[in-house]
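Asks: One structure is given below, represented as structure tokens, and several questions about it will come after.
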Amino acid sequence: MSGQGFVLWVSERRLPPEWGGVVPGEVFLAEGRRIAELAREEGLVLRLLGGVAIRIHCENQAGLARRLGRL
Numbered sequence: 731m732s733g734q735g736f737v738l739w740v741s742e743r744r745l746p747p748e749w750g751g752v753v754p755g756e757v758f759l760a761e762g763r764r765i766a767e768l769a770r771e772e773g774l775v776l777r778l779l780g781g782v783a784i785r786i787h788c789e790n791q792a793g794l795a796r797r798l799g800r801l
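Each residue of the sequence shown is one higher than the one before, counting from 731 in our numbering.
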């Protein structure tokens, strides 16, 4: 997909109204897990980065992440 095509694709995307213009953290986490699983099934090494990676790696710290306003 060309850069211009990507921008058009993104600009046409609409969030569900119930999200209030903000993608819920659980959606990011689910998508990170989904992409990582697809890569694993294909025998690829994939590294998630940032808050999504930390949150998935440290599942037992979900309460702390919520208190800090993180994913």
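All C-beta atoms in this analysis are idealised placements derived from N, C-alpha and C, irrespective of residue type, glycine included. In this text, all values refer to a predicted model and were calculated from it rather than measured experimentally.
1) Would G762 pass as a contact of I786 if the rule is Cβ separation under 7 Å?
2) Take A783 as the anchor and find which of E756, P746, G773 has the nearest alpha-carbon.
3) Since L778 contacts A766 with CB under 8 Å, what's their CB separation in whole angstroms?
4) Following the continuous alpha helix (DSSP H) through V782, name the residue where it begins and the one where it ends.
5) Do R800 and G780 have their beta-carbon atoms positioned less than 7 Å apart in this structure?
Replies: If we stick to the structure as given:
1) Residue numbering aside, residue 762 sits at position 32 when the sequence shown is read from its first letter. Residue numbering aside, residue 786 sits at position 56 when the sequence shown is read from its first letter. Their beta carbons are under 7 Å apart, which means G762 touches I786 by this criterion.
2) Counted from its first residue, the sequence shown places residue 783 at position 53. Nearest option by C-alpha distance: E756.
3) As a first step, residue 778 is located in the sequence shown; it is residue number 48 there, counting from the start. As a first step, residue 766 is located in the sequence shown; it is residue number 36 there, counting from the start. At roughly 6 Å, the Cβ-Cβ gap stays under 8 Å, so L778 and A766 are in contact.
4) Residue mapping note: residue 782 aligns to position 52 of the sequence shown, counting from 1. Annotation: the continuous alpha helix (DSSP H) that includes V782 extends over 780-787.
5) Within the sequence shown, numbered from 1, the residue matching residue 780 stands at position 50. Within the sequence shown, numbered from 1, the residue matching residue 800 stands at position 70. Not a contact, by the Cβ cut-off of 7 Å.
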